[in-house]
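Quick note on the working numbering: the sequence shown kicks off at 1301 and runs consecutively.
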Amino acid sequence: MLGSAYGSLSSERVYIRLAELSCVDRHRKLVLSQPVRGYVVDSDSMLGLRGRVIDRQGAKIGKALLAGFAQGLANAFGGAQGVMTSSAIGTMSTITGSAAVRAAGLSGAATASSQLAQFYLQQAEDIFPVIRVAGGRLATAVFTSNVPLEWGHVQGVTAKTSLSQGT
């Protein structure tokens, strides 16, 4: 059976519309391929198949938050390097020696953390939730219209056997 499906996050179900029915009779070397109309009902007698919502956005946003926190720490400690001097003209900060190296390292860490936060936020925007339905689930196919089912030989010659799709 071939169908098209879409998921609904609010109901946590996957809805399937039937499109084609295909069967093979290997003993008589017959094939059946016919467009059909219908839908799928789950074992709980509800329309669609129950599934589990898989959403990984939270993990990416958490990593972005952590990277943003690291950026804030690096900025705070980077600005604290050096000596502040006040005069009539204003306040001035001077950095010398190892303090300059620490300030440069912390500034680089702040920039890297900022870029990492942006990366994780972009990933969170690109990820979308999905509904996972386990394989091998029992379901019922409901046909909404009658279609004559005609078997054909593998070579393309139509067989005399004809079935009608019903209840």
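Ideal placement from N, C-alpha and C gives every residue a C-beta, glycine not left out.
A distance below 6 Å between beta-carbons, with the five flanking residues on each side excluded, links R1432 to the following residues of its chain, in chain order: G1351, R1352, I1354. The three-state secondary structure of F1443, taken from DSSP, is strand.
The beta carbon of L1309 is closer than 8 Å to those of V1353, P1429, I1431 in its chain, skipping five residues each way along the sequence. Going by DSSP, R1326 is part of no beta strand (DSSP E) at all; its letter is neither H nor E. For L1449, the enclosing beta strand (DSSP E) has its first and last residue at 1448-1453. L1318 sits in a strand when the DSSP states are folded into three classes.
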